[in-house]
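A.B. asks:
Numbering (the numbering used here), first residue to last: 1455 to 1623.
1. Under a three-way DSSP split, which group does residue 1472 fall into?
2. Please state whether DSSP places residue 1543 in a helix, a strand or coil.
3. What beta strand (DSSP E) runs, 3 residues minimum, are completely inside the region 1514 to 1572?
4. What residue range is occupied by the uninterrupted beta strand (DSSP E) comprising residue 1493?
5. Can you give me the start and stop residues for the beta strand (DSSP E) that residue 1466 sits inside?
6. Would you mind stating whether residue 1557 and residue 1486 have Cβ atoms separated by less than 9 angstroms?
7. Suppose the cutoff is 8 angstroms on Cβ atoms and the five residues either side in sequence are ignored; what does the same chain contact list for residue 1509 look like?
8. By how many angstroms is the C-alpha of residue 1506 removed from the C-alpha of residue 1582?
9. Could you tell me whether the region 1469 to 1487 touches the region 1589 to 1599, using the rule of 3 or more Cβ pairs below 8 angstroms?
10. Which same chain residues, not among the five before or five after residue 1588, have their C-beta less than 8 angstroms away from its C-beta?
11. Given this structure, state the Cα-to-Cα distance separating residue 1586 from residue 1560, to the nearest angstrom.
12. Just to confirm my understanding: we take residue 1475, look at its own chain, exclude 5 residues before and 5 after, and list those with CB closer than 8 angstroms. What are they?
13. Which same chain residues, not among the five before or five after residue 1549, have their C-beta less than 7 angstroms away from its C-beta?
14. My assumption, with CB atoms under 8 angstroms, is that residue 1456 sits in contact with residue 1573. Please give the rounded CB distance.
15. Please list the terminal residues of the continuous beta strand (DSSP E) segment that includes residue 1509.
And the structure:
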């Protein structure tokens, strides 16, 4: 088994981070390496939820195996080469001084012992991909989401100003 964990601190609350991660079918909205994503199951959250993601010309399915609200999300990645028995990504959210610490761990179990070195190399590649996903989520939570909220507030102010002006005409 090969395992690689990457971590980052994000200036947001656990609930804000969980809100984005738990929108399981919406990963393409914040992960730059995912060009398309959609739910394949009627279940939108919790164990048993399933999504399809596409990165370039490659697509895989991801099946939730563990779900603890605001704390932990793990999913098995299927559709990879048959040299792997199991590939799992696990997100852990913990309070930190900065707000929340996000951890993303990939665990790769090879199908047979001779494939162990391949699993080790694959875990390093997945580790690099996961570092990018953590960076993307951090940017989304710290920059994109606050900017969207600010834009919505400006829009509401414009509406209120328009209403006030129309009353005085």
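The C-beta atom is built at its ideal place from N, Cα and C for all residues, glycine as well.
C.D. replies: Let's see:
1. Taking the first residue of the chain shown as position 1, residue 1472 is located at position 18. Three-state result, residue 1472: helix.
2. Indexing the chain shown from 1 puts residue 1543 at position 89. Of the three classes helix, strand and coil, the one that applies to residue 1543 here is strand, per DSSP.
3. DSSP runs (the beta strand (DSSP E)) wholly in the region 1514 to 1572: 1526 to 1532, 1538 to 1550, 1553 to 1564.
4. Taking the first residue of the chain shown as position 1, residue 1493 is located at position 39. Bounds of the beta strand (DSSP E) holding residue 1493 are 1490 to 1493.
5. Locating residue 1466 in the chain shown gives position 12, counting from the first residue. Neither: residue 1466 is in no beta strand (DSSP E) and is coded neither H nor E.
6. For this step, residue 1557 is matched to residue 103 along the chain shown. For this step, residue 1486 is matched to residue 32 along the chain shown. Going by C-beta atoms, residue 1557 is not nearer than 9 angstroms to residue 1486.
7. Start at 1 with the first residue of the chain shown, and residue 1509 comes out as number 55. Here the set comprises 1487, 1488, 1489.
8. For the purposes of this step, residue 1582 is taken as residue 128 along the chain shown, with counting starting at 1. For the purposes of this step, residue 1506 is taken as residue 52 along the chain shown, with counting starting at 1. Their Cα atoms are separated by approximately 21 angstroms.
9. yes
10. Residue numbering aside, residue 1588 sits at position 134 when the chain shown is read from its first letter. Only 1460, 1461, 1462, 1556, 1558 meet the Cβ criterion.
11. By one-based count along the chain shown, residue 1586 stands at place 132. By one-based count along the chain shown, residue 1560 stands at place 106. Looking at the two C-alpha atoms, the distance is approximately 13 angstroms.
12. As a working note, residue 1475 is residue 21 in the chain shown. Here the set comprises 1527, 1545, 1547, 1591.
13. For this step, residue 1549 is matched to residue 95 along the chain shown. 1468, listed in sequence order.
14. Taking the chain shown and counting its residues from 1, one reaches residue 1456 at position 2. Taking the chain shown and counting its residues from 1, one reaches residue 1573 at position 119. Contact flag correct, Cβ pair sits at about 4 angstroms.
15. Within the chain shown, residue 1509 is the residue found at index 55, counting from 1. 1504 to 1509 is the extent of the beta strand (DSSP E) around residue 1509.
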